[in-house]
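Going down the list, the protein sequences come from chains A and B.
Be aware that the first sequence starts at -1, since it is given in this note's numbering, and climbs by one per residue.
Be aware that the second sequence starts at 204, since it is given in this note's numbering, and climbs by one per residue.
For glycine and all other residues, C-beta sits at the position ideal for the given N, C-alpha and C.
Comments concern the structure below.
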Amino acid sequence: MTADDRFVYQAPETDEEYGVRSEIITGPVADWATDFSHLEPEWSADPYPIQDDLRQRCPIAHTERFGGGWLPTRYEDVAAIAYDTERFSSRAIIMGNWRPPSDIAPIGGSPPISSDPPFHQHARKLLLGAFTKTAISRQEPATRAFCHELIDKFEGRDVVDAAAEYAQHIPMRVIADMLGFPPEDGPRFAEFVESVLEGINLPPEDRIERMERLFTYLLDQVNDHLDRPRDDITSYLIGAEIFGQKLTADHVTGAMALLLIAGIDTTWSAIGSSLWHLARTPGDRERLMAEPGLVPTAMEEFLRAYAPVTMARLVKEDMHWHGVDMKADDWILLSFPAANRDPAQFDRAGEVVIDRQVNRHAAFGLGIHRCLGSHLARMELRVALEVWLERIGEFSLTDPAAVRWSAGQIRGPRALPLRLAASG
Amino acid sequence: MKVQIDPERCQGHGRCYDLAPSLFGDDEEGYGQVLGDGTVQPEQEREARLAVVNCPEHAIEVI
């Protein structure tokens, strides 16, 4: 075994044992302008009418839940916050009942997404090369073959769950390959994703235990890579340096956690939402089957209209900002989905126009935290849709009420039963 | 007509090299690069305009 004392077994990541906890408040929302919660079922089922209403009557909504936070719904406010790293910190990016201590900045728990300038650019630069469009294109043949394999399994079936049996597996397989994790660990990844992104209102001891399971798994993978180094991102991070120093163990496992979690739930959601739209919009489905060359354009529209990712920020200091009084450590729920449906920014903002030519959407964020995996996500989404449209003829929802959406900041279908006219 | 990218604004979304691959490419970190001197031939004008209006960071200019 290669000696590397950074990764000697230690108590797993226990960030959640310090920092500040707020009271867990759940239950029906009284008024979305003063009591919003992205974790209530009404929001998961259909957040867009809520966001459209807020944009009209209270464009920066407030909540006392999660220890206090704000929800801007206009594109211009979302963009201003994304660009303003002086006033808004990324040291926490999942809005919940726990705030990490301020001294975790500027690195944060999962660099670079949790990092602020000036550290951010160094942590990001380490990873950019692995995620360029050119680098990602090398994953395309294997991704396409894997999509075909998934559809081969539908042989002879009338009804399939496109979220659980198709959309979910594609990003899991690709990111597992890139990180060098065993592909059969997919079910564990699903559990980690749910722990981090959906278990927000669980009691602290449950959250800590779930995070420990994730970081124990990641340390096991690091140790496996120390024993058997290979050409993948995990071995790369173990050997990488910033300012001439090897990364800390927390940086290595934090970045691995980021790539694993952010690489799965997001694209799973984007693929699922796109198929959900096509299942209930026969005109769009028929047009894309007739014109497969339109898929890249249509896909951008699906990303705009059903943007899967909402981020969060923490306010750095008390301030009066765009008409509201923000306090230090208030959350900002940074809704790219709401920005993407602002009629001040987009014509026919509430409609899905699959041949939209001007589409400056913010699905992958804006500014220095632009989604590192956007080229990977776009490749996976395009290939998943191309293969699905090529292999599956007509398809429709078996029952609109059977579609189940994820809770929290990443939104997409988690159950999507579809009736297939013919497969093969 | 010429295109140029403001490197201060570009964040590597890659819409320019997706939509106008004859005018833009990516560098080793994924940031957009103008190919050659950025001169836009008449038959490339539509591509150039698509790149401009789809850049989320407003980083592309036509001069």
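Anticipated Cβ contact below 8 angstroms, residue i with residue j, distance rounded
| i | j | result |
| --- | --- | --- |
| A/H249 | A/P109 | 6 angstroms |
| A/I269 | A/A382 | 5 angstroms |
| A/A31 | A/C56 | 4 angstroms |
| A/L177 | A/L257 | 6 angstroms |
| B/I263 | B/K205 | B/I263 to B/K205, Cβ: 11 angstroms. No contact. |
| A/W96 | A/V322 | Their Cβ separation, rounded to whole angstroms, is 24 angstroms, which puts A/W96 and A/V322 out of contact at 8 angstroms. |
| B/R212 | B/H261 | 6 angstroms |
Residue i - containing alpha helix (DSSP H), residue span
| i | result |
| --- | --- |
| B/R249 | 248 to 257 |
| A/M297 | 293 to 303 |
| A/I149 | 138 to 150 |
| A/S372 | 372 to 389 |
| A/I206 | 202 to 225 |
| A/A133 | 131 to 135 |
| A/S102 | Strictly speaking, residue 102 of chain A in this sequence is Ile, with Ser absent from that position. Careful: A/I102 lies outside any alpha helix (DSSP H) and carries neither H nor E. |
| A/T32 | 30 to 33 |
Burial state of residue i, where buried means 16 or more other Cβ atoms lie within 10 Å
| i | result |
| --- | --- |
| A/P45 | buried |
| A/K314 | buried |
| A/F241 | exposed |
| A/V401 | buried |
| A/I79 | buried |
| A/L298 | Residue 298 of chain A is actually Glu in this sequence, not Leu. With 16 or more Cβ atoms within 10 Å of its Cβ, A/E298 is classed as buried. |
| A/Q243 | exposed |
| B/E250 | buried |
| A/V18 | exposed |
| A/V191 | buried |
| A/Q166 | buried |
| A/V172 | buried |
| A/V158 | buried |
| A/V356 | exposed |
Beta-bridge pairing of residue i - partner residues as DSSP gives them
| i | result |
| --- | --- |
| A/T61 | A/G67 |
| A/K244 | A/E239 |
| B/Q236 | B/G228 |
| B/E264 | B/Q207 |
| A/D159 | A/P415 |
| A/H318 | A/D323 |
| A/F86 | A/V313 |
Span of the beta strand (DSSP E), counted from its first residue to its last, around residue i
| i | result |
| --- | --- |
| A/G25 | That residue, A/G25, is in no beta strand (DSSP E); it is neither H nor E in DSSP. |
| A/D323 | 322 to 324 |
| A/L332 | 329 to 333 |
| A/S394 | 393 to 395 |
| A/L423 | Residue 423 of chain A is absent from the model: chain A starts at -1 and stops at 422. |
| A/M309 | 308 to 313 |
Chain-order list of residues whose beta-carbon lies under 7 angstroms from that of residue i (same chain, five-residue window excluded)
| i | result |
| --- | --- |
| A/F5 | L217, V220, N221, L224, A247 |
| A/T264 | P306, V307, A375, I408 |
| A/S113 | S88, P104, I105, G106, A121 |
| A/D99 | Note on identity: in this sequence residue 99 of chain A is Pro, with Asp being the wrong assignment. Y16, G17, listed in sequence order. |
| A/R380 | V293, P294, M297 |
Same chain, Cβ closer than 6 angstroms to residue i, neighbours up to 5 away in sequence not counted
| i | result |
| --- | --- |
| A/S421 | With a pLDDT of 46 at A/S421, under the threshold of 50, the predicted position of this residue should be treated as unreliable, and no value is reported. |
| A/P70 | I58, V76 |
| A/L124 | A238 |
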